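In our numbering, the protein residues as written are 118 to 220.
C-beta: ideal position from N, C-alpha, C; glycine also.
Everything numeric in this text was worked out from a predicted model, so none of it was measured.
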Amino acid sequence: MANGATALFEVQCPCCQASLKIDPETRAVISHQAVEKPRTVEDMDTALNLLKGEAARREEAFQKSVEAHKKSKDVLARKFDELLKQAKESPDTPPPQRDIDLD
Numbered sequence: 118m119a120n121g122a123t124a125l126f127e128v129q130c131p132c133c134q135a136s137l138k139i140d141p142e143t144r145a146v147i148s149h150q151a152v153e154k155p156r157t158v159e160d161m162d163t164a165l166n167l168l169k170g171e172a173a174r175r176e177e178a179f180q181k182s183v184e185a186h187k188k189s190k191d192v193l194a195r196k197f198d199e200l201l202k203q204a205k206e207s208p209d210t211p212p213p214q215r216d217i218d219l220d
């Protein structure tokens with residue numbers, strides 16, 4: 118293998134816009150240069166307020182998730198009761214055939 122025989126080529130990552138230098142022989146990333154991101158907040162007070170807002174948003178999303186979980190228990194119980202009622206109304210219907218029964 119000759120060192121420097123092939124030139125590296127440079128591409129831009131479509132995800133993070135970083136500059137990647139790739140060796141065509143080994144097909145490996147040789148160097149990575151991240152793009153400098155602009156500042157999103159100007160002062161610490163603004164950043165602190167943003168973090169507090171995110172904490173409140175996370176807590177709200179968690180509470181919604183807990184409520185949905187509690188309701189899903191009721192929904193599943195209702196579905197089970199309905200299917201049990203259907204099974205009792207038509208006891209002549211055979212159970213569904215399983216894949217293992219086909220052999």
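Within this structure, are the beta carbons of residue i and residue j separated by less than 7 angstroms?
i: residue 158; j: residue 164; result: yes
How is the beta strand (DSSP E) around residue i delimited, first residue to last?
i: residue 145; result: 145-150
i: residue 140; result: 136-140
i: residue 128; result: 126-129
Considering just the uninterrupted stretch of the alpha helix (DSSP H) at residue i, what are its terminal residues?
i: residue 182; result: 161-206
Whose C-beta lies closer than 7 angstroms to the C-beta of residue i among residues of the same chain, with five residues either side of it excluded?
i: residue 130; result: 137
i: residue 142; result: 123
i: residue 128; result: 137, 139
i: residue 182; result: none
By DSSP, does residue i sit in helix, in strand, or in coil?
i: residue 220; result: coil
Return no unless some Cβ of chain C is closer than 7 angstroms to the Cβ of residue i.
i: residue 173; result: Within the model displayed, chain C is absent; a lone protein chain is all it includes.
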